[in-house]
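Trainee:
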Amino acid sequence: MRILFYIEPVIYHRDALFLSPHCNFVRCIINANGDPGVTYALATSPWLIREYLAQVEAHGGTADIEFFEIDPVALLAPFDFETRDYSRDMFGDTLANGPMLSALRDLRRSFDADVVICGTDNPYIRQVFDDRLVLHHDLSHIRRRDGQYNTFLDGCGLSATSVLNVAKTEILSENVASEVLTSLTLRHTDMVFNSAGASEKRSAFQAWRKHQGLADTGLALIALQHADLLGVEGSCNGKSASSVLMSSISALPPGWVGVASYHPGDPSLRAVAPFLTDCMDQMVQPPLELFSHGSDPLVPAFDAVVTVSSKVGLMGLLAGKPVVSLGQSAYHRYCVREAKDLNDAPTLDAADIGRLIRFMSNRYYWTFSELFQSNGFVLSALRNMSRYASVKDYHLDFSTWSPDRLERLA
């Protein structure tokens with residue numbers, strides 16, 4: 022088996038180290054899945070190859086893999102080096118980036134992988150390796166009780182073509198006993214929304230809301246995201262996340278106001294929340310310390326979620342809230358796409374929440390211990406996936422599922 026890891030060569034984030042966790046993801050998987058019959062390769066920018074080697078030297082692992090340099094300058098050249106246009110192309114249907122196609126075709130001639138794993142959506146990879154198993158990895162939408170994440174590998178994509186989107190009908194039509202679905206919903210609620218300190222945060226938020234006279238006003242959580250990520254700019258058709266969010270806040274229906282939240286791991290967004298509140302009448306701002314552990318614990322206290330593609334959007338769906346997904350998110354088929362339609366947004370009932378949790382706990386989410394500490398787990402899973410006609414069929418096979426599958430994600 023030949024496994025190729027592809028890390029996006031074009032750096033978006035202001036912090037050049039933003040993509041280094043992807044290097045560590047590759048390092049850890051290779052360390053835990055050594056097999057003389059498997060050859061690994063990494064394709065990315067020269068800078069990130071050096072980052073991978075630096076992590077191997079610092080933390081252990083193997084440098085005995087094949088490396089293929091992808092020139093980010095060449096990839097950006099067709100778009101006059103405008104990252105937003107590059108992003109829009111990556112989420113479009115035209116596949117107009119000639120240097121990207123050329124680089125990937127050369128890559129396949131040099132390393133004809135059986136499996137390709139990448140951390141971003143890339144339709145060019147799906148086209149060039151169309152007869153191979155292509156998987157996209159990301160952190161899970163559901164956090165663990167300790168606030169950390171699991172991960173997932175989606176064989177269809179991380180946005181519009183995700184398994185969650187393309188298999189929506191099958192996921193929500195599964196014939197499952199009502200008591201099982203109810204149990205799953207309750208266990209998920211306890212796992213995610215009742216973590217340590219969560220109820221105290223919600224109580225403080227509700228007290229603030231009452232004090233502000235907002236008990237009868239619809240409160241929409243506005244989930245801010247990094248402004249310069251491929252997955253944000255691209256899913257917004259090349260528009261900036263801030264412009265999309267501000268236009269959507271302006272379009273909130275009468276009786277609704279927004280509350281901005283931000284990922285605690287990105288302090289650059291902390292200043293954006295009060296800025297939006299100061300300049301837009303449709304925004305209010307509770308004390309920022311209420312969001313010190315992220316937005317997840319507070320989601321049940323809101324009436325809706327508005328976001329481009331944040332994981333908080335799926336958390337809103339799993340809390341039974343209406344969600345506006347402004348970009349091409351991995352769950353947007355469950356949402357409305359414009360803020361003006363918020364009052365018409367569908368919501369999941371308790372049974373459908375249970376079905377969605379059952380799907381994600383079956384074969385969609387993997388724990389880091391499974392990926393990194395169980396020797397050979399990934400190779401076994403990849404070989405199993407290859408036996409199915411499609412990755413969608415693999416994910417929809419519940420023959421080995423049991424309710425305890427959810428507990429391992431806690």
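Per my numbering, the sequence shown starts with residue 22, numbered consecutively.
Glycine included, every Cβ here is placed at the ideal spot set by N, Cα and C.
1) I'd like the span of the alpha helix (DSSP H) that includes S264, first residue to last.
2) If you run the structure through DSSP and keep just helix, strand and coil, what is G259?
3) What does G279 pair with, by DSSP beta-bridge criteria?
4) Please state whether DSSP places E87 in a helix, a strand or coil.
5) Can you find the residues in the same chain that come closer than 6 Å, C-beta to C-beta, to S330, ignoring five residues on each side of it along the sequence?
6) Are M111 and P144 close, meaning C-beta to C-beta below 8 Å?
7) Which ranges would you report for the beta strand (DSSP E) in the stretch 148–185 if only whole runs of at least 3 residues count?
8) Report the residue from P343, A181, P307 and R48 whose alpha carbon sits nearest the alpha carbon of A10.
9) In angstroms with no decimal places, state the Cα-to-Cα distance between Y61 and C139.
10) Just checking, does the stretch 160–169 make contact with the stretch 396–414 on the three C-beta pairs under 8 Å criterion?
11) Three or more C-beta pairs under 8 Å: does that hold for the stretch 173–183 against the stretch 369–378?
12) Straight-line CA distance for D418 to S271?
13) Go to V345, then tell me how far its alpha helix (DSSP H) extends in each direction, as first and last residue.
14) What's the gap between the Cα of V326 and the Cα of P367?
15) With a cut-off of 8 Å, do at least 3 Cβ pairs link the stretch 88–104 to the stretch 123–141?
16) For the beta strand (DSSP E) holding R379, just list the boundary residues, first then last.
17) Rounded C-beta distance between S282 and S316? I'm assuming under 8 Å.
18) Going by C-alpha to C-alpha distance, which of F389, W387, F393 and Y352 sits closest to K189?
19) DSSP three-state call for V472: helix, strand or coil?
20) Extract the residue ranges of the alpha helix (DSSP H) inside the stretch 181–225, only unbroken runs of 4 or more that lie entirely within it.
21) Does F112 come out as helix, strand or coil in the three-state DSSP assignment?
22) Rounded to a whole number of angstroms, what is the C-alpha to C-alpha distance between E200 and R376?
23) On the premise that N54 lies in contact with G397, defined as a C-beta separation below 8 Å, what is that separation, rounded to the nearest angstrom?
24) Pick out whichever of S123, M22 and V94 has its Cα sitting closest to the Cα of V59.
25) Classify W229 as helix, strand or coil using the three-state DSSP reduction.
26) Keeping to the same chain, check which residues put their C-beta closer than 8 Å to that of A134; ignore five residues upstream and five downstream.
Mentor: Short version:
1) For the purposes of this step, residue 264 is taken as the residue at position 243 of the sequence shown. It spans A262 to S271 - the alpha helix (DSSP H) in which S264 sits, taken as one unbroken run.
2) Translated into positions along the sequence shown, residue 259 becomes position 238. In the structure shown, G259 sits in coil (DSSP, three-state: anything other than H, G, I, E or B).
3) Start at 1 with the first residue of the sequence shown, and residue 279 comes out as number 258. DSSP output for G279 lists A241 and M304 as bridge partner(s).
4) Residue mapping note: residue 87 aligns to position 66 of the sequence shown, counting from 1. Strand, per DSSP.
5) Stepping through the sequence shown from its first residue, residue 330 is reached at position 309. Closer than 6 Å at Cβ, skipping near neighbours: S256, G348 and S350.
6) Taking the first residue of the sequence shown as position 1, residue 111 is located at position 90. Taking the first residue of the sequence shown as position 1, residue 144 is located at position 123. Taking 8 Å as the Cβ cut-off, M111 and P144 qualify as a contacting pair.
7) 154–164 and 170–175
8) Lying before the first or after the last residue shown, residue 10 is absent from the chain, which here runs from 22 to 431.
9) The residue you call residue 61 lines up with position 40 of the sequence shown. The residue you call residue 139 lines up with position 118 of the sequence shown. Those two C-alpha atoms are separated by around 13 Å.
10) no
11) no
12) For the purposes of this step, residue 418 is identified with residue 397 of the sequence shown, where counting begins at 1. For the purposes of this step, residue 271 is identified with residue 250 of the sequence shown, where counting begins at 1. Rounded to the nearest whole angstrom, the C-alpha separation of D418 and S271 is 43 Å.
13) In the sequence shown, the residue the question calls residue 345 occupies position 324. Taken as a continuous stretch (DSSP letters only), V345 belongs to no alpha helix (DSSP H), being part of the beta strand (DSSP E) at V344 to S346.
14) As a first step, residue 326 is located in the sequence shown; it is residue number 305 there, counting from the start. As a first step, residue 367 is located in the sequence shown; it is residue number 346 there, counting from the start. Whole-angstrom Cα-Cα distance: 12 Å.
15) yes
16) Within the sequence shown, the letter at position 358 stands for residue 379. That residue, R379, is in no beta strand (DSSP E); its alpha helix (DSSP H) goes A371 to F380.
17) Working through the sequence shown from its first residue, we reach residue 282 at position 261. Working through the sequence shown from its first residue, we reach residue 316 at position 295. The pair is a contact, with the Cβ atoms about 4 Å apart (cut-off 8 Å).
18) The residue given as residue 189 occupies position 168 in the sequence shown. When each option's Cα is compared against that of K189, the closest is Y352.
19) Here the chain covers residues 22 to 431 and nothing more, so residue 472 does not appear.
20) Here the runs fully enclosed are 184–187, 189–193 and 199–214.
21) By 1-based counting over the sequence shown, the position of residue 112 is 91. Looking at F112 - three-state DSSP - the assignment turns out to be coil, as it is neither helix nor strand.
22) The count along the sequence shown starts at 1 and reaches residue 200 at position 179. The count along the sequence shown starts at 1 and reaches residue 376 at position 355. Looking at the two C-alpha atoms, the distance is approximately 12 Å.
23) Position 376 of the sequence shown, counted from the start, is the residue given in the question as residue 397. Position 33 of the sequence shown, counted from the start, is the residue given in the question as residue 54. G397 to N54, Cβ: 6 Å. Contact.
24) The residue given as residue 59 occupies position 38 in the sequence shown. For V59, the nearest C-alpha among the options comes from M22.
25) Indexing the sequence shown from 1 puts residue 229 at position 208. Correct three-state label for W229: helix.
26) Within the sequence shown, residue 134 is the residue found at index 113, counting from 1. Excluding positions up to five away in sequence, the list reads R23, I24, L25, A62, F150 and R153.
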